[in-house]
Amino acid sequence: MKKLYASLGVIITTAFVLTACGSSPTAVADLLSTIQARGTLVISTDPAYPPQSALKANPQRTAGSKCTTDQKTLGELEGFDIDVATAIAKGIGVEACFITPDWTLITAGNWAGRWDISVGSMTITPERAKALYFAQPYYTTPAALFVNNSNTTYTQASDLSSKKIGVCGGCTYENFLNGSLVIPGEAINFVIKNANTKTYDTDSTALEDLSLGDGARLDAVLTAQPTGQEAIKNGKPLKQLGDPLYFEYLAPAIDRQSSLDAHTFIAKVSEIVAGLHKDGTLLQLSQKYYGADLTSAAATFDATQFGK
Amino acid sequence: MDTESIPKAQILNNDPHQGMGEALAALQRRQKLIHSAKVTGVWVALVVLLTIGLLMLHIQPSYMLQHYNIILQGAGATIGVSLASITLATILALFGAIARLSNNSVAQGIAGFYVSVVRGTPLLIQIYIIYLGLPQVGEQLNNLGYTQIGKLFILDAIPAGILALSLNYGAYMTEIFRAGLQSISHGQREAALAIGMTPWQVMQRIILPQAIRIILPDVGNQFIAMQKDSALVSVMGVWEITFLANRYARRDSKYLEMYLIAAAAYWIITIISSWFQSRLENRLSKAYER
Chain A
51 MKKLYASLGV IITTAFVLTA CGSSPTAVAD LLSTIQARGT LVISTDPAYP
101 PQSALKANPQ RTAGSKCTTD QKTLGELEGF DIDVATAIAK GIGVEACFIT
151 PDWTLITAGN WAGRWDISVG SMTITPERAK ALYFAQPYYT TPAALFVNNS
201 NTTYTQASDL SSKKIGVCGG CTYENFLNGS LVIPGEAINF VIKNANTKTY
251 DTDSTALEDL SLGDGARLDA VLTAQPTGQE AIKNGKPLKQ LGDPLYFEYL
301 APAIDRQSSL DAHTFIAKVS EIVAGLHKDG TLLQLSQKYY GADLTSAAAT
351 FDATQFGK
Chain B
3 MDTESIPKAQ ILNNDPHQGM GEALAALQRR QKLIHSAKVT GVWVALVVLL
53 TIGLLMLHIQ PSYMLQHYNI ILQGAGATIG VSLASITLAT ILALFGAIAR
103 LSNNSVAQGI AGFYVSVVRG TPLLIQIYII YLGLPQVGEQ LNNLGYTQIG
153 KLFILDAIPA GILALSLNYG AYMTEIFRAG LQSISHGQRE AALAIGMTPW
203 QVMQRIILPQ AIRIILPDVG NQFIAMQKDS ALVSVMGVWE ITFLANRYAR
253 RDSKYLEMYL IAAAAYWIIT IISSWFQSRL ENRLSKAYER
């Protein structure tokens with residue numbers, strides 16, 4: 051009995067000591083040299099968003115891979131993001147390894163070194179920049195409205211004011227509908243007023259609901275143009291309404307809370323992405339996956355403020 | 003006839019009541035067989051009806067046939083995570099229950115607090131907190147110079163999932179174990195103590211062997227529930243059944259198809275584990291059969 055009380059005392063004192071001197075400054079190692087020494091770049095991606103990131107039809111682990119067993123290899127994933135991530139890893143001179151946590155875990159920051167970088171079509175927003183550093187964006191995504199095929203009454207975006215519009219929760223589309231979206235260097239015209247916003251886990255569920263019928267669960271979905279077009283290609287009875295409402299800049303992101311110094315790594319990634327813009331690699335990938343040039347506008351974006 | 007010249011076996015055979023008994027037993031066997039055949043018939047009919055109903059939905063059975071094996075690749079992760087978690091949860095629950103029943107106020111307090119906190123919060127939230135929060139504890143330890151201990155707190159997806167499931171189910175099972183241990187009459191404990199056994203020996207030799215028979219069906223239920231709750235670890239990126247079904251559904255816009263395959267996979271896994279559960283229960287109850 052006395053022993054138990056004594057050990058409990060020790061536990062409580064240790065806890066106090068740990069919280070009291072939690073932050074003692076130590077020499078910080080460099081993230082880039084850690085990655086080079088390891089020989090692998092660990093990239094987070096959620097393979098729930100074709101054509102950016104998806105599982106391969108027949109996933110096979112790459113033979114002789116240096117990736118650890120809980121990491122996935124290039125043989126298991128495919129898509130635009132995956133190709134860009136692989137090109138970045140190649141630029142550093144290491145192998146690309148992937149891990150697939152939930153999107154909210156990626157945007158939350160505090161990765162604890164479980165992965166080095168997110169190459170996951172992440173939009174640069176001021177909120178995210180508080181938790182993450184952003185490197186040079188590698189492409190832009192037009193945000194577009196989609197309605198059911200059978201609808202004939204909507205002709206422009208403003209017709210959807212006060213209608214049921216589906217978006218993914220926490221995405222920029224939700225911020226657009228409630229008028230709080232800020233994209234650095236872009237003036238946004240909030241044409242839809244008083245939208246009845248329905249938030250979804252992901253855009254694809256919203257598109258699925260819209261396919262059930264015009265107004266059945268949703269009147270429209272605001273999502274990335276490529277995502278909506280992909281659903282149409284897969285046979286969903288949908289159509290795009292009007293021109294894109296705004297463009298998002300999508301960039302690789304790096305954890306601000308990393309215990310390693312990330313600045314040389316960010317500079318290196320930005321340099322590699324700029325090189326991929328210059329030599330036409332990104333334009334070629336954009337043509338391959340989207341059949342359009344979504345990358346050129348991202349080449350001129352000044353991302354230096356988000357890397358500091 | 004002289005009874006003394008008849009062999010004993012023949013006397014037994016001539017017992018007029020024996021034939022009646024055998025006939026009755028045979029009748030009961032037959033009735034039981036007919037009954038279970040009827041139950042099986044109802045099951046088959048329901049499966050056929052369900053299949054017909056599902057085929058009337060807008061689904062593409064050929065896609066399901068081509069892709070069911072992909073989902074099965076996730077079954078290993080689902081079963082592995084569940085087995086590891088139920089093992090850890092059982093150990094946690096045993097100590098939790100002993101602590102709850104002990105006279106030691108500290109042990110009782112810790113166990114009660116654990117059960118209350120864990121049962122009072124959703125599993126999904128616990129998974130997020132363990133995955134996001136534990137590494138921060140690890141980094142604090144790292145900064146203090148305890149790098150080896152610090153590393154232990156930075157868990158990958160699978161260990162983090164196993165930890166979350168074990169902690170969660172450990173709390174529910176603590177109560178199951180407590181009820182099981184309490185069901186053994188107090189007199190047995192007193193008698194064992196009186197003949198000089200230590201409290202641990204009493205637990206090991208007298209209480210546990212009897213209590214396990216009562217606890218086991220509930221543990222089996224928890225295991226079946228856990229196999230389905232393990233779907234929640236997909237949020238951390240474990241490639242188990244739900245994760246794969248969901249990602250292929252999005253890849254090809256084949257939601258119902260993939261979710262139906264996943265549902266069937268979970269169902270089959272739980273059928274198999276219920277079968278093992280009933281075998282184990284039969285074995286343990288042999289000593290009590292008459």
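In order, the protein sequence lines correspond to chains A and B.
Numbering of the first sequence is given in our numbering, commencing with residue 51 and proceeding in unit increments.
Numbering of the second sequence is given in our numbering, commencing with residue 3 and proceeding in unit increments.
The C-beta atom is built at its ideal place from N, Cα and C for all residues, glycine as well.
Nothing here was measured: the structure is a model prediction, and the numbers come from that model.
By the Cβ-count criterion, T53(B) is exposed, with fewer than 16 other Cβ atoms from all chains shown falling within 10 Å of its own Cβ. Neighbourhood of L134(B) in chain A, by CB distance below 8 Å: L155, A158, N160, in chain order. Using a 10 angstroms sphere on the CB of N71(B), the tally of other CB atoms stays under 16, which defines it as exposed.
Shown here, N106(B) sits in coil according to DSSP, grouped into three states, outside any helix or strand.
Around N144(B), the same chain offers G152, K153 as residues with beta carbons nearer than 8 Å, after the five sequence neighbours per side are excluded. The beta carbon of E298(A) is closer than 7 Å to those of T173, T190, T191, A193, T222, I233 in its chain, skipping five residues each way along the sequence. DSSP, read as helix, strand or coil, puts Y250(B) in helix. Within its own chain, the residues whose Cβ lies closer than 7 Å to the Cβ of K213(A), once the five positions on either side in sequence are excluded, are A245, N246, D269, A270, listed in chain order. Between the stretch 223–240 of chain B and the stretch 80–94 of chain B there are three or more inter-stretch CB-CB distances shorter than 8 Å, so the stretches are counted as touching. E321(A) and Q75(B) have their C-alpha atoms roughly 39 Å apart. For R253(B), the nearest beta carbon of chain A is closer than 8 Å to its own beta carbon. The beta carbons of I112(B) and A101(B) sit about 6 Å from each other, so the pair counts as a contact at 8 Å. What N284(A) touches in chain B, judged by beta-carbon distance under 8 Å, is D254, S255, going in chain order.
Looking at the DSSP output, G216(A) sits in a beta bridge with K248(A), V271(A).
At least one beta carbon of chain A lies nearer than 8 Å to the beta carbon of Q138(B).
Annotated three-state conformation of Q62(B) is coil, per DSSP.
Under the Cβ distance rule, E291(B) does not count among the residues neighbouring chain A, no pair being separated by less than 8 Å. The stretch 55–64 of chain B and the stretch 133–140 of chain B do not touch, with fewer than three beta-carbon pairs separated by less than 8 Å.
A Cβ of chain B is located within less than 8 Å of the beta carbon of P151(A). With respect to chain B, the C-beta atom of E258(A) has a partner C-beta closer than 8 Å. Using a CB distance below 8 Å, no part of the stretch 189–221 of chain A faces chain B. Non-local C-beta neighbours of Q186(A) in its own chain, meaning closer than 6 Å and more than five positions away in sequence, comprise S320, V323, A324, A353, ordered along the chain.
For I216(B), no CB of chain A lies under 8 Å from its own CB, so it is not counted at the interface with that chain. Contact of L105(A) with chain B is assigned, a C-beta pair being separated by under 8 Å.
With 16 or more other Cβ atoms inside 10 Å of its own Cβ, V92(A) counts as buried. For S168(A), the uninterrupted beta strand (DSSP E) run begins and ends at 167–173, by DSSP.
Taking the C-beta atoms as reference points, V44(B) is found no nearer than 8 Å to I160(B). C-alpha of V41(B) to C-alpha of E128(A): approximately 48 Å in a straight line. Using beta-carbon distances, R249(B) counts as an interface residue toward chain A, with a partner under 8 Å.
Legend: CB atoms of the stretch 208–242 of chain B lying less than 7 Å from CB atoms of chain A belong to residues V237, M238, G239.
Taking M175(B) as the centre and dropping the five residues before and after it, the same chain places the C-beta of A91, T92, A95, V221, Q224 closer than 7 Å to its C-beta, in chain order. G125(A) has a beta carbon lying at 8 Å or more from every beta carbon in chain B. Annotated three-state conformation of K243(A) is coil, per DSSP. Straight through space, the alpha carbons of S118(B) and G182(B) are spaced by roughly 19 Å. Counting the other CB atoms within 10 Å of its CB gives Q121(A) a total of 16 or more, which places it among the buried residues. Among the residues of the stretch 291–324 of chain A, those with a Cβ less than 7 Å away from any Cβ of chain B are S309, in the order of the chain.
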